[in-house]
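Novice:
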C-alpha cells in the first residue's frame with residue numbers, strides 16, 4: 001500500500017519536531033555541564049571544611065561558590081541573549097503602482113467606435129504583505145549597539161580587564177580564609193559559568209526564542225476567520241450586471257448590486273491589503289461603488305500577485321467594460337476562456353462585451369460565442385442569449401445593408417428567428433428581455449439609450465413589429481395604434 005505524500009504543512013511540522021529534539025539534546029548537555037560545576041563546588045567545599053571540621057565553613061564556601069557561579073552564568077547569559085537576538089526581516093512598503101489612464105467612454109452599440117485604449121503595463125511590484133502594525137525593534141537596535149561596544153571595549157581594554165580580574169580574585173580569596181587556591185578557583189568559576197551561560201542563552205535565543213517570535217508573527221499575520229469569509233463573499237459577487245434592465249429595457253452594462261460585505265473594504269486603504277484575494281475583494285467593492293479606476297489598479301496588483309488566476313481576469317474585464325474599454329475587456333475574457341472554454345457564465349459575459357466592439361468584429365465574435373452557448377444545456381433555453389444573438393444579427397444587417405444584399409437577407413432571417421425564440425422563452429410582454437427587444441427596435445418609444453438600437457434597422461418591418469410590439473402595452477395584436 002502506497003501512502004500519500006506528506007503535504008507542506010506535514011513536512012514543516014516534521015522538520016520542526018526534529019529540530020526541537022536536537023535542541024533538547026543540546027540543552028541536556030548544558031544541564032550536565034552545570035551539574036558537573038555543582039559537583040565540583042560541593043567537593044571543594046567539603047575539602048575546605050575538612051581542615052577546620054566546621055559545618056559553617058562548608059556552607060560558607062558552598063554559598064560563595066554558588067553565588068559566584070550564578071553571577072558568572074547570569075552575566076554570560078545576558079551577553080548570550082544580546083548577541084543572539086534575531087533581527088526581524090524588514091518588509092518593504094508596497095511599491096507605487098502607476099494606474100493606466102481611464103479612456104473616455106464614447107458609447108457602445110452596433111456602429112459606435114471602440115474607445116481608445118491604453119496598453120501601458122502596470123507595475124507588477126505589488127507588496128506581498130502589508131501589516132496593520134509592525135514589531136517593536138528597539139531591543140534589536142540596543143542589542144546591536146551594545147554588542148559592538150562590548151566587543152570593541154574588550155579588544156581595546158583586554159589588558160586592563162585581565163588585571164582587574166586578578167584583583168577581584170585576590171579580594172575573593174580574602175573573603176574565604178583557609179580556602180586553598182580560592183583565587184584560581186574564582187577565575188575558573190567565572191570563566192566556566194560565563195562561557196556556559198553565554199552559550200546556553202545564545203543557543204536558546206537563536207532557537208526557542210526565534211520559534212516564539214515566528215509563532216507570534218504567524219498569529220499576527222493570520223487573517224481573522226470572519227474577514228476571510230468576507231473576502232470570499234465579496235469576490236463571489238459579480239461586478240457587472242449583464243441582465244437587461246427592468247426599467248427602461250436598456251442593454252447597456254450596469255454595475256451589479258453591492259454585497260453586504262462591501263462597506264468593510266470601502267473603509268480601508270489599498271496599502272492595508274496583503275494578498276491577491278484581498279486586492280480582488282477590495283477592487284470588487286470599489287467597482288460596485290463606482291470607483292472604477294481604483295478597482296482597475298487593485299485588480300492589476302492582484303493579477304501581478306496571482307497571474308494564473310483566471311477569475312481575476314474576469315473581474316478586470318468586467319471593470320473595463322464598465323469603463324467602456326471594450327477591446328481590453330474582450331482580450332481579458334479571451335485569456336480567461338483558455339482554461340474555462342465551456343463556462344456558460346463566462347461565455348455570456350464575453351457575448352455581451354462583444355456587442356460593443358467595432359463592427360464587423362462585434363457581430364462576428366458575438367455570433368460565434370452565441371453558437372457555443374446554444375450548444376450548452378444551460379444556454380439553449382436562455383432568452384438573454386437569443387436577445388444578444390438578435391442584437392448581433394441586427395448589427396450584421398445594418399453593416400451589410402449597403403454592402404452585401406445576400407448577407408443582409410441572411411442576417412434578417414437569423415435576427416427574426418432569434419426574436420421568435422425570445423418571445424417563445426419569455427411570453428410575458430413585461431419581461432426584461434421583451435422590454436429590451438422593444439427598446440432595441442424603437443429606442444425613442446421605450447426611452448432606451450440610443451446606443452442600444454441594434455434592431456432599429458428593422459423598424460417598420462411588419463414581421464419584426466408584430467413579434468416585438470404586437471402584444472406590448474399600448475399596441476394591438478394586428479397593427480400599430482391609430
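Numbering (this note's numbering), first residue to last: 1 to 482.
A virtual CB, placed ideally from N, CA and C, is assigned to each residue, including glycine.
1. Tell me whether residue 438 sits in a helix, a strand or coil according to DSSP, three-state version.
2. Just reading off the alpha helix (DSSP H) that residue 202 is part of, what are its end residues?
3. Any chance the stretch 332-345 sits against the stretch 371-378, with 3 or more Cβ pairs inside 8 Å?
4. Span of the alpha helix (DSSP H) holding residue 142?
5. Rounding to the nearest angstrom, what Cα-Cα distance links residue 335 and residue 310 in this structure?
6. With which residues is residue 255 paired in a DSSP beta bridge?
7. Within a Cβ cutoff of 7 Å, which residues of the same chain sit near residue 360, ignoring the five residues on either side of it in sequence?
8. From 25, 51, 62, pick the residue whose C-alpha is nearest to that of residue 39; which is it?
9. Go ahead and label residue 116 buried or exposed: buried means 16 or more other beta carbons lie within 10 angstroms of its beta carbon, across all protein chains shown.
10. Residue 449 by DSSP, collapsed to three states: which one?
11. How many angstroms separate the CA atom of residue 332 from the CA atom of residue 316?
12. Assuming residue 492 contacts residue 295 (C-beta within less than 8 Å), just tell me the rounded distance between them.
13. Answer yes or no: do residue 209 and residue 139 have a C-beta to C-beta separation smaller than 8 Å?
14. Which parts of the stretch 264-302 are runs of the alpha helix (DSSP H), unbroken and 4 residues or longer, counting only runs that do not cross its ends?
15. Where does residue 16 sit, in a helix, a strand or coil, going by DSSP?
16. Return the chain-ordered list of same chain residues with a C-beta closer than 6 Å to the C-beta of residue 421, the five sequence neighbours on each side being excluded.
17. Tell me whether the beta-carbon of residue 383 lies closer than 8 Å to the beta-carbon of residue 426.
18. Count the other C-beta atoms from every protein chain shown that fall within 10 angstroms of the C-beta of residue 319, then say buried if there are 16 or more, exposed otherwise.
19. Just tell me which of 327, 354, 157, 313 has its CA closest to the CA of residue 339.
20. So, at 6 Å on beta carbons, what are the nonlocal neighbours of residue 329 in its own chain, with the 5 sequence-adjacent residues on each side left out?
21. Among 451, 418, 430, which has the Cα closest to the Cα of residue 463?
22. Measuring straight from C-alpha to C-alpha, what distance separates residue 179 and residue 48?
23. Candidates 270, 269, 213, 277: which alpha carbon is nearest residue 228's?
24. Could you give the DSSP three-state label for residue 454: helix, strand or coil?
25. Please say whether residue 83 and residue 25 have beta carbons closer to each other than 8 Å?
26. Considering only their Cβ atoms, is the gap separating residue 283 from residue 261 smaller than 8 Å?
27. Which of helix, strand or coil does DSSP assign to residue 364?
28. Which whole-angstrom value is the C-beta distance of residue 197 and residue 76, which I expect to be below 8 Å?
29. In whole angstroms, give me the CA-to-CA distance for residue 55 and residue 149.
Specialist: Put simply:
1. On the chain shown, position 438 is the one that residue 438 refers to. Helix, per DSSP.
2. Here residue 202 refers to the residue found at position 202 of the chain shown. Note, residue 202: alpha helix (DSSP H), 182-206.
3. yes
4. Locating residue 142 in the chain shown gives position 142, where the first residue counts as 1. Segment 138-156, the alpha helix (DSSP H) holding residue 142.
5. Locating residue 335 in the chain shown gives position 335, where the first residue counts as 1. Locating residue 310 in the chain shown gives position 310, where the first residue counts as 1. One C-alpha to the other measures close to 8 Å.
6. Walking along the chain shown from the start, residue 255 turns up at place 255. Answer is 240.
7. As a working note, residue 360 is residue 360 in the chain shown. The answer, listed in chain order, is 399.
8. On the chain shown, position 39 is the one that residue 39 refers to. With distances taken between Cα atoms, residue 39 lies closest to 62.
9. On the chain shown, position 116 is the one that residue 116 refers to. Unreliable positioning characterises residue 116 in this predicted model, as indicated by a pLDDT of 38, which lies under 50. The coordinate reading is nonetheless provided below. Under this definition residue 116 is an exposed residue.
10. On the chain shown, residue 449 is found 449 positions in, with the first residue counted as 1. DSSP places residue 449 in coil when its eight states are reduced to three.
11. Against the chain shown, residue 332 aligns to sequence position 332. Against the chain shown, residue 316 aligns to sequence position 316. Answer to the nearest angstrom: the Cα atoms are 7 Å apart.
12. Given a span of 1 to 482 for the chain in the structure shown, any question on residue 492 remains unanswerable.
13. Taking the first residue of the chain shown as 1, we reach residue 209 at position 209. Taking the first residue of the chain shown as 1, we reach residue 139 at position 139. No, the pair does not count as a contact, with Cβ atoms beyond the cut-off.
14. 276-288
15. Against the chain shown, residue 16 aligns to sequence position 16. Residue 16: helix per DSSP, three-state reduction.
16. Here residue 421 refers to the residue found at position 421 when the chain shown is read from its first residue. Here the set comprises 386.
17. Within the chain shown, numbered from 1, the residue matching residue 383 stands at position 383. Within the chain shown, numbered from 1, the residue matching residue 426 stands at position 426. Their beta carbons are under 8 Å apart, which means residue 383 touches residue 426 by this criterion.
18. Counted from its first residue, the chain shown places residue 319 at position 319. Looking at its Cβ environment, which holds 16 or more other Cβ atoms inside 10 Å, residue 319 is buried.
19. Walking along the chain shown from the start, residue 339 turns up at place 339. Out of 327, 354, 157, 313, 313 has the C-alpha closest to the C-alpha of residue 339.
20. Residue mapping note: residue 329 aligns to position 329 of the chain shown, counting from 1. Same-chain partners within the cutoff: 317, 320, 321, 353.
21. In the chain shown, residue 463 corresponds to position 463, counting from 1. Here the closest residue by C-alpha is 418.
22. The count along the chain shown starts at 1 and reaches residue 179 at position 179. The count along the chain shown starts at 1 and reaches residue 48 at position 48. About 6 Å.
23. Along the chain shown, one-based indexing puts residue 228 at 228. Residue 277 is the option with its Cα nearest to residue 228.
24. Taking the first residue of the chain shown as position 1, residue 454 is located at position 454. It is coil, neither helix nor strand.
25. Counted from its first residue, the chain shown places residue 25 at position 25. Counted from its first residue, the chain shown places residue 83 at position 83. Contact: no.
26. Here the question's residue 261 lines up with position 261 in the chain shown. Here the question's residue 283 lines up with position 283 in the chain shown. Contact: no.
27. As a first step, residue 364 must be located in the chain shown, where it is residue number 364. If DSSP states are grouped into helix, strand and coil, residue 364 belongs with the helices.
28. Position 197 of the chain shown, counted from the start, is the residue given in the question as residue 197. Position 76 of the chain shown, counted from the start, is the residue given in the question as residue 76. Yes, residue 197 and residue 76 are in contact; Cβ-Cβ is about 3 Å, under 8 Å.
29. Stepping through the chain shown from its first residue, residue 55 is reached at position 55. Stepping through the chain shown from its first residue, residue 149 is reached at position 149. Those two C-alpha atoms are separated by around 45 Å.
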